[in-house]
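Numbering (the UniProt record's numbering), first residue to last: 1 to 125. Glycine included, C-beta positions come from ideal geometry on N, C-alpha and C. So the structure is just underneath, and the comments pick up after that.
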């Protein structure tokens, strides 16, 4: 009987996997045109000047990353709190408490909050 095969991972493969993993768990994203990584708050790519997605699209992306991070053992809070202390999903726009009814933060503010939470939870600051 032949001995079991051992899978070895070269140091370059290993570092590229962890590098890819850390990118997935951070709030920075690549430009779709030139692949330069940019801060989630940027409006244009600093290298090619391409217009970047709007806050709503970036929020959707970060919510997906937070879901992956949470599935991998991190703890990223994906809720938003109203001034009346009711807790809502990041995608909600208005407090549904009948005594309140306030607007929740806009997508740009939710994006800023979630990016900070994701970076803090994953150590990607």
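Taking C-beta to C-beta, are residue 87 and residue 75 nearer than 8 Å? For the purposes of this step, residue 87 is identified with residue 87 of the chain shown, where counting begins at 1. For the purposes of this step, residue 75 is identified with residue 75 of the chain shown, where counting begins at 1. Going by C-beta atoms, residue 87 is not nearer than 8 Å to residue 75.
Which of helix, strand or coil does DSSP assign to residue 120? Looking up residue 120 in the chain shown gives position 120. Residue 120 falls in the helix class under three-state DSSP.
Please determine, among 120, 115, 116 and 85, the residue with the shortest C-alpha to C-alpha distance to residue 103. Your numbering for residue 103 matches position 103 in the chain shown. Nearest of 120, 115, 116 and 85 to residue 103, Cα basis: 85.
Alpha-carbon spacing of residue 106 relative to residue 52, whole angstroms: Locating residue 106 in the chain shown gives position 106, where the first residue counts as 1. Locating residue 52 in the chain shown gives position 52, where the first residue counts as 1. Distance between the alpha carbons of residue 106 and residue 52 is about 18 Å.
With DSSP as the reference, label residue 113 as helix, strand or coil. What you label residue 113 is simply residue 113 of the chain shown in a count that begins at 1. Helix, per DSSP.
Just the C-alpha distance for residue 68 and residue 25, rounded to the nearest angstrom, thanks. Counting from 1 along the chain shown, the entry for residue 68 is found at position 68. Counting from 1 along the chain shown, the entry for residue 25 is found at position 25. Straight-line Cα distance between these residues: approximately 8 Å.
Going by beta carbon distance, what residues of the same chain come within less than 6 Å of residue 66, once the five residues before and after it are set aside? Mapped onto the chain shown, residue 66 falls at position 66. These residues qualify, in order along the chain: 76, 78 and 118.
Exposure of residue 32, with buried meaning 16 or more beta-carbon neighbours within 10 Å: Residue 32 sits at position 32 when you count from the first residue of the chain shown. That one is exposed.
Check whether residue 38 and residue 45 have beta carbons under 8 Å apart: Working through the chain shown from its first residue, we reach residue 38 at position 38. Working through the chain shown from its first residue, we reach residue 45 at position 45. Yes; because the gap between Cβ atoms is below 8 Å, this pair is in contact.
Kindly indicate the opening and closing residues of the beta strand (DSSP E) around residue 42. Taking the chain shown and counting its residues from 1, the one referred to as residue 42 is at position 42. Taken as a continuous stretch (DSSP letters only), residue 42 belongs to no beta strand (DSSP E), as it is neither H nor E.
Sorted by chain position, which residues of the same chain lie with C-beta nearer than 8 Å to residue 92's C-beta, five sequence neighbours on each side aside? By 1-based counting over the chain shown, the position of residue 92 is 92. Around residue 92: 80 and 104.
So what does DSSP say about residue 89, is it helix, strand or coil? Position 89 of the chain shown, counted from the start, is the residue given in the question as residue 89. Note: residue 89 maps to strand in three-state DSSP.
Kindly list the residues whose CB is nearer than 8 Å to the CB of residue 111, restricted to its own chain and excluding five residues on each side of it in sequence; keep chain order. Working through the chain shown from its first residue, we reach residue 111 at position 111. 40, 41, 55, 58, 59 and 62, listed in sequence order.
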